[in-house]
Amino acid sequence: MVRRVTAFFFVVLLGWLGCGAARTAPGDEAELLVLGFSADGRYFAYAQSGREPDTWFPYASVHAIDVATDKWLLDSPISIVLQDRDKSPRDARREVGQSAEKRWGRLGLDTPGVTLLERKPGQPIDRGDEVEVTVPAVGPAKVRLTPKLLPAEGCEGFAGESVGLVLDLLKFDGTRIRRLQEDSRIPSGRGCPIGYAIAEVVVLDRQTKPPVVAVVFAVFKVGATGIDRRYLAATADLATK
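In my numbering, the protein residues as written are 779 to 1019.
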C-alpha cells in the first residue's frame, strides 16, 4: 500500500509518540521516523530514538544524507544521550531536534515523501531480503538486500560472523536499475553487524523527472545486553546516472 507521508521535519520529532513504553526484550530496538526530503530532492533525513539497554538512558539521533553523493552531511548524524533515567526518548528527541534545526533548518528538509513500503523488522533476514514496490516513472520494481560476509574491526571475538550488504533497485524481471549500496568494508561506527532487513522504501515523486529513492534498512548488531537494532539508509536520484 502506498501511503502519503506528512513531514514537518524537526517539529515532527516533538510530536512523535514512539519509544514511550518500557520493554522487556534484551538489546536496543531503536524506533524509526522518516522525516522527509528537501524540495529539490538533494537531501533526505530520518531519525531514530530509544533507550540504551545497559543504562536505560534515553537517546535520539537525526541523520541527513546528501543524495547526490549518497554520503552523510559532514556533521551528520546529530546524536544525544540524556544521562538521566527519569527523562524520556521524547526529551532526547526534543533536544536533538533543536540542534538539527539550527544546523540544517535552511535545507528545508520538510518535503513529504511517498512511502512505498513500511515495516518494523524484528530480526535479521539471514539469506537476504527482497520487497516489491511500484516506483513512480519506473513501474513495478524490487528492492533486494543481499548479505555479504566482511571482517569488522574489533569483532573478532564475538560468536558469529560480521556481515555487510549489497542493496539493489531492480526491475520486476530482475534487471538492475541502480545499485544503491555495496559494502567493501564495515565502517567502525556500524559496530559488529550480524544481519540486516529492509524497513522503509520512500520516494520523492517528481512530475517532470524520475524520483529520488531512499531505502532505510535495519542493522542488527552485537550490543551490550543482546542484539541491537539501529537504522541506516541508502539513496539515489533516478534522474541522474
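Even glycine gets a Cβ: it sits at the ideal position worked out from N, Cα and C.
Status (buried if at least 16 other CB within 10 Å, exposed otherwise) for Leu-947:
buried
CB-CB under 8 Å to Trp-850, same chain, minus the five flanking residues each way: which ones, in chain order?
His-841, Ala-842, Ile-843 and Asp-844
Check whether Ala-1014 and Phe-995 have beta carbons under 8 Å apart:
no
Buried or exposed by the 16-neighbour rule on C-beta atoms within 10 Å, applied to Lys-898
exposed
Are at least three pairs of beta-carbons, each pair with one atom in the stretch 908-923 and one in the stretch 879-888, less than 8 Å apart?
no
Proximity to Gly-917 [Cα-Cα], best of Ala-846, Thr-953, Gly-932 and Ile-903
Thr-953
What does the alpha-carbon distance come out to for the pair Arg-868 and Arg-829?
11 Å
Starting from Gly-973, trace the beta strand (DSSP E) both ways and give me its first and last residue.
971-982
Using a 10 Å radius around the Cβ and a threshold of 16 neighbouring Cβ atoms, would you call Ala-1002 buried or exposed?
exposed
Pick out whichever of Arg-881, Thr-986 and Val-944 has its Cα sitting closest to the Cα of Gly-819.
Thr-986
Buried/exposed call for Lys-880, threshold 16 Cβ in 10 Å:
exposed
Determine, using beta-carbon pairs with one atom in the stretch 857-867 and one in the stretch 1005-1013, whether at least three such pairs fall under 8 Å.
no
Does the Cβ of Phe-822 have 16 or more other Cβ atoms within 10 Å, making it buried, or fewer, making it exposed?
Label assigned to Phe-822: buried.
Going by alpha carbons, who is nearest to Arg-957 out of Glu-934, Gly-932, Lys-920 and Tyr-824?
Lys-920
Please go through the same chain and pick out, in chain order, the residues whose beta-carbon is closer than 7 Å to the beta-carbon of Ala-975, but skip the five residues on each side of it.
Beyond the five residues adjoining it in sequence on each side, Ala-975 comes within less than 7 Å, by CB distance, of Pro-899, Pro-902, Ile-903, Asp-907, Phe-995 and Ala-996 in the same chain, given in chain order.
So, is Thr-889 buried or exposed, given that buried needs 16 or more other C-beta atoms within 10 angstroms?
With 16 or more other Cβ atoms within 10 Å, it is buried.
Cβ shell of Ala-817 (< 8 Å), same chain only, five flanking positions each side left out
So the list reads Gly-886 and Thr-889, once near-sequence residues are dropped.
Between the Cα of Asp-853 and the Cα atoms of Pro-836, Thr-847 and Ala-878, which residue gives the shortest distance?
It is Ala-878 whose Cα lies nearest to the Cα of Asp-853.
Measuring straight from C-alpha to C-alpha, what distance separates Phe-998 and Arg-905?
Rounded to whole angstroms, Phe-998 to Arg-905 spans 14 Å at the Cα level.
Between which residues of its own chain and Thr-1018 is the CB-CB distance below 6 Å, once the five residues before and five after are set aside?
Once the five neighbours on either side are set aside, Thr-1018 has no close Cβ partner at all.
Run the CB neighbour count on Gly-875, radius 10 Å, all protein chains shown included, and call it buried at 16 or more, exposed below.
With a threshold of 16 other beta carbon atoms within 10 Å, Gly-875 meets it and is buried.
Residue ranges of each alpha helix (DSSP H) run of no fewer than 4 residues wholly in the stretch 879-938, ordered along the chain?
none
Report all residues from its chain with a CB closer than 6 Å to the CB of Gln-959; omit the five preceding and five following residues, and keep chain order.
Leu-945 and Ala-1012
Measuring alpha carbon to alpha carbon, tell me which residue in Val-981, Phe-950, Pro-989 and Ser-940 is nearest Arg-968.
Of the candidates Val-981, Phe-950, Pro-989 and Ser-940, the one whose C-alpha sits nearest the C-alpha of Arg-968 is Ser-940.
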